[in-house]
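Heads up: the structure comes next, in structure tokens.
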Amino acid sequence: MQPALVMINERPGMQMPFDEEKLQLVREFLQREFRGGQHRDYFEFHTTMHVFVIETERGVRHTLVIPKRTFENGDLTRLLNPQLVIALELARHARVTLTPRGPRE
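For the sequence shown, this note's numbering assigns the number 296 to the initial residue and increments by one for each residue that follows.
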């Protein structure tokens, strides 16, 4: 399994808005569920979302975006589940947004 390529804060001097432990929880879940692909993630300042991108060995790109409100109000241990994996697999190249109620395309 390849480690995720963590994108650094593109705006030096600004503190990242999300708890690193929560980000690591998501990274570990995605690495476990999507083995063998390239994993990277970054924070989109203009949308206040964290973006996780997985590119599989077969060339499929899965993109998960998690808004600030999900990190603040969602139970990540409950939201990181098989339903999310299925949503990512079905969405193919479209973004999947993880809301406090679950995944949405």
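For glycine and all other residues, C-beta sits at the position ideal for the given N, C-alpha and C.
Backbone CA spacing between residue i and residue j [nearest angstrom]
i: Thr-365; j: Lys-317; result: 11 Å
i: Gly-369; j: Glu-352; result: 31 Å
i: Met-296; j: Pro-377; result: With a pLDDT of only 44 at Met-296, under the threshold of 50, the placement of this residue in the model should not be trusted, and no figure is reported.
i: Thr-394; j: Arg-373; result: 12 Å
i: Glu-400; j: Ala-389; result: 7 Å
i: Glu-350; j: Pro-312; result: 25 Å
Contact under 8 Å by Cβ, residue i with residue j
i: Val-391; j: Leu-359; result: yes
i: Leu-371; j: Leu-320; result: yes
i: Arg-387; j: Val-355; result: yes
Three-state secondary structure (DSSP) of residue i
i: Thr-392; result: strand
i: Thr-365; result: helix
i: Pro-398; result: strand
i: Phe-338; result: strand
For residue i, the residue or residues it bridges with in DSSP
i: Gln-333; result: Glu-350
i: Leu-359; result: Phe-347 and Val-391
Neighbour flag for residue i against chain D, beta carbons, 8 Å
i: Arg-364; result: Chain labels in this structure do not include chain D; a single protein chain is all it has.
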